[in-house]
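Numbering (my numbering), first residue to last: 1 to 503. For glycine and all other residues, C-beta sits at the position ideal for the given N, C-alpha and C. All values derive from a computational prediction rather than experimental measurement. Encoded as structure tokens, the structure appears first; notes follow it.
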């Protein structure tokens, strides 16, 4: 009789210095099924998958794959045995081509004058065939550095499929995809299911869990809570079992009242002719201005230009009625702007530094005394106070930030900017890859800042977030503003109409 499960992870435990990441966790996955693995940030989902994939060696427990005990010492062994993984934090090689990234260490070769050389023609043809099968429209010869985040995500999905694995782990695969690309991914998953491939699907977008999965395993604080058929569950049941408490509202009640204009942008045009053009908008004190649009709408590029990261060809920026010139992030900071970037790993955290260093890195000058000596004791007291205020889960301020969950890393980045005392916050996908509990805490921070009279710009690709948190929504399409919608009157259909056509 064939084994009912293709994969069994039995009583897996894993600890790091000061942290028990996994405590006797069990996961059983059937062939040809999509198995959701859900839990708050810090629940241990990614750690469990890294134990499966050979990135971490677990302390106790056992893994049974296709009826045999296995212990993969590295990802290469896992791949060779039929397990592939799309990791949450994308880490391609930027100055190599798409096809070189996909077939890395597996390049097709040919004999040329008695020498084995890489067969670029076959590599291109194999990549094109793979992309055609998956309906992915990316040039195999393009440098990865020229791709958008969503294109890199699709490339990584194709790479995982290219191994012909029997189990594919997808860790937050839709975190940077458009709605159309999400549907495209779901079609890929259905094809894989029909071929008998098992998918372990990790996502904080709970709506997706109910669309695409067959079973759900829930984890909390490194422990196994249980496994259920997806059709036995409701959204509220999943959330309450994830967080261990009732979470009646996904968005906090807002008390902020928009006031005077704090930021005015007039006819801002990028130096890049393919980017944003003639963009004008206003932001008021105490307002949360949502910015919607599809991938390629140039929302991030616009906000990075306002912050001085990208150059502009023309246009004007006014803060509190005074025209300002912002040529770099230092000038942005001096004008009381803060930017929480979209890519937390690449542009947000300093992974090899501690939590305290990540918080203080932009504000050590606040702690220089009259002798020009840093008062480190006072700085660390303030850090400890902020860790308590924002409920940052970390063993101590000395812990390396790379060991924190994504939600707690995001709160550290918020705290870093709070230390600089800004008046205008630009938040680019502030809850990307964060669970519902941590999202709610981030939303509370945003509401508190707006209530204090700060101006907040929030780029978001999550429609519920855009609708649930915005006082007004500015929608962009192909680098231009296509419309504004009052937050109370907005709906998905109206936003998508503006996002797909210029006004």
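Limits of the beta strand (DSSP E) - the one that residue 375 falls within: Element bounds for residue 375: n/a, residue is neither H nor E.
Environment of residue 50 [buried if 16+ CB atoms lie within 10 Å]: buried
Whose CA, out of 28, 57 and 398, lies closest to the CA of residue 67? Shortest Cα-Cα distance from residue 67 to any of 28, 57 and 398 involves 28.
Does the stretch 334-341 come close enough to the stretch 280-295 that 3 or more CB-CB pairs lie under 8 Å? no
Please list the segments of the beta strand (DSSP E) lying wholly inside the stretch 300-324, counting only runs of 3 or more residues, in order along the chain. Those beta strand (DSSP E) runs which fall completely within the stretch 300-324 and span 3+ residues are 312-319 and 322-324.
Whose CA, out of 461, 441 and 480, lies closest to the CA of residue 412? 441
Same chain, Cβ closer than 7 Å to residue 20, neighbours up to 5 away in sequence not counted: 222
Looking only at C-alpha atoms, which of 104, 13 and 477 sits nearest to residue 60? 13
Beta-carbon separation (whole angstroms), residue 350 vs residue 359, contact threshold 8 Å: Going by Cβ atoms, the distance from residue 350 to residue 359 rounds to 11 Å, so no, they are not a contact pair.
Here's a check: name, in chain order, each residue in its chain whose Cβ is nearer than 8 Å to the Cβ of residue 386, leaving out the five neighbours to either side. Close CB contacts of residue 386 within its chain, under the 8 Å cut and outside five residues either way in sequence, are with 359, 392, 415, 418 and 419 (chain order).
Residue 497 in three-state terms, based on DSSP: helix
Please work out which residues of its chain come closer than 8 Å, Cβ to Cβ, to residue 493, disregarding the five sequence neighbours upstream and downstream, and give them in chain order. Correct list: empty, nothing qualifies.
Sub-9 Å separation of residue 163 and residue 54 beta-carbons: no
Taking one C-beta from the stretch 436-455 and one from the stretch 312-325 each time, how about it: are there three or more such pairs within less than 8 Å? By the Cβ criterion, the stretch 436-455 is not in contact with the stretch 312-325, since fewer than three pairs of Cβ atoms, one from each stretch, lie closer than 8 Å.
Would you say residue 318 reaches chain C, if we count a Cβ-Cβ gap shorter than 9 Å as a contact? Looking at the structure shown, chain C is missing, and only one protein chain is on hand.
Euclidean distance between Cα positions of residue 152 and residue 131: 13 Å
Straight-line Cα distance separating residue 495 from residue 52: Between the C-alpha atoms of residue 52 and residue 495 there is a straight-line separation of about 41 Å.
Can you name the start and end residues of the alpha helix (DSSP H) that residue 469 belongs to? 463-469
Which of helix, strand or coil does DSSP assign to residue 209? helix
According to DSSP, residue 84 sits in a beta bridge with which residue or residues? 168
Going by C-alpha to C-alpha distance, which of 69, 73, 64 and 46 sits closest to residue 57? 73
Counting along the chain, where does the beta strand (DSSP E) carrying residue 483 start and finish? 480-486
Closest Cα partner of residue 154 within the set 398, 297, 126 and 92: 92
So within the stretch 207-283, which uninterrupted alpha helix (DSSP H) runs reach at least 4 residues, ignoring any that extend past its ends? Every alpha helix (DSSP H) stretch that sits fully inside the stretch 207-283 and reaches 4 residues is listed by chain position as 235-243.
Bridge partners of residue 68, per DSSP? DSSP output for residue 68 lists 65 as bridge partner(s).
Simplified DSSP state of residue 392, which is helix, strand or coil: Residue 392: coil per DSSP, three-state reduction.
Exposed unless 16 or more other CB atoms sit within 10 angstroms - verdict on residue 454: Counting the other CB atoms within 10 Å of its CB gives residue 454 a total of 16 or more, which places it among the buried residues.
Distance between beta carbons of residue 451 and residue 477, contact taken as under 8 Å: About 32 Å; that fails the 8 Å criterion.
Check whether the Cβ atoms of residue 408 and residue 42 lie closer than 9 Å to each other. yes
Output the distance between the C-alpha atoms of residue 77 and residue 199, rounded to the nearest integer angstrom. When rounded, the distance between both Cα atoms is 19 Å.
So residue 475 packs on residue 482, CB below 8 Å; how close in whole Å? 5 Å
Would residue 7 pass as a contact of residue 65 if the rule is Cβ separation under 9 Å? A contact, by the Cβ cut-off of 9 Å.
How far does the alpha helix (DSSP H) with residue 357 in it extend, from its first residue to its last? 355-360
Can you tell which of 301, 189, 46 and 241 has the C-alpha that lies nearest to the C-alpha of residue 402? 46
Beta-carbon spacing of residue 159, residue 111 below 9 Å: It is not a contact, given that the beta carbons lie outside the stated cut-off.
Alpha carbon to alpha carbon, how far is residue 445 from residue 428? Give it in angstroms, no decimals. Straight-line Cα distance between these residues: approximately 15 Å.
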